[in-house]
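Visitor: Using this note's numbering, read the sequence shown as starting at 203 and increasing by one per residue.
Attaching a single structure in structure tokens format; questions to follow.
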Amino acid sequence: MIGLLSPIIPLNTMHALLELLPLIGLGGGYLMGKSINPDIAMYYLSYGAIIGTVLQFAIYRAMRQKMQKMTAITGWLLIIFATLTIVLHNDLFVKLKPTVLSWAFAVAFLASAFWTKQTLLELMMGGQFDMPAPNWLKLNWAWVIFNFLVGLANLVIVWQITQGVLSDDSWVTFKFSLLPISLVFIGGQTVYLLKNGKVKTETSGGGESNSEREM
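Shown next, in the form of structure tokens:
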């Protein structure tokens, strides 16, 4: 999903479309499941998510395009949690995946603020922008808070579903709402970067290129 947990924005339209494939598969699977048997719609959602992610990986490979590390990590975790849901017949796995992933990234951003010379955000985007260390730290903290809140919101929704307060529709709606929420957050981050930093040119040096940060 585009920038859901990562400050790295897809490099072009094709990358953006490929980032959407798992979400499209997830939504398509859920709608198909609801039309067949609403009681097992989350299992169809899991199949759809796996198919969308595998298709995403296959297209990247076929096009000989390098995949961003965050995309690969998110994709593999989605496959793992969706597979656990199908094999163990427990949809809590796929529902809790956003919380696990968001909080893992929150911990990573938080740890970098104390135990590394550069914050995780600066390591990721320092090749694109020159900006004072205090500003990088502020943005890094923003990503800690954002990821923590995303994980917490997902956990609250899942808990309310288990209590019968909300339905699976609420979780799917939340899942899709994360895309515009993330885009707004990343947009604000971009404005901050442009206001407080300077875009590096190809001859600026002192940072990794886009290809070096991708896998």
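Idealized CB from N, CA, C, for every residue including glycine.
This one's a predicted model, so the numbers in the text were calculated from it and none came from an experiment.
1) Are there 16 or more other CB atoms within 10 angstroms of the CB of residue 327, so buried, or fewer, so exposed?
2) Compare the beta carbon distance of residue 275 and residue 254 with 7 Å and say whether it is the shorter of the two.
3) Need the endpoints of the alpha helix (DSSP H) that residue 367 sits in, please.
4) Which partner residues of residue 400 appear in the DSSP bridge assignment?
5) With DSSP collapsed to three states, give me the class of residue 267.
6) Grab me the residues of residue 359's own chain with a C-beta within less than 7 Å of its C-beta, minus the 5 sequence neighbours each way, in chain order.
7) Here's the rule: buried if 16 or more other CB atoms are within 10 angstroms of the residue's CB, otherwise exposed. What is residue 407?
8) Measuring CB atoms only, is the region 240 to 255 touching the region 282 to 290, in the sense that at least three cross pairs come out at less than 8 Å?
9) Mapping the DSSP letters down to three states, classify residue 292 as helix, strand or coil.
10) Straight-line CA distance for residue 393 to residue 316?
11) Any heavy atom of the ligand GDP closer than 6 Å to the CB of residue 399?
Guide: Put simply:
1) buried
2) no
3) Per DSSP, residue 367 belongs to no alpha helix (DSSP H) and is neither H nor E.
4) 332
5) coil
6) 368, 372, 373, 376
7) Residue placement at residue 407 is poorly supported in this model, since its pLDDT is 44, which falls under 50; the coordinates are not used for a value here.
8) yes
9) coil
10) 26 Å
11) For the ligand GDP, the structure offers nothing, since it holds no ligand at all.
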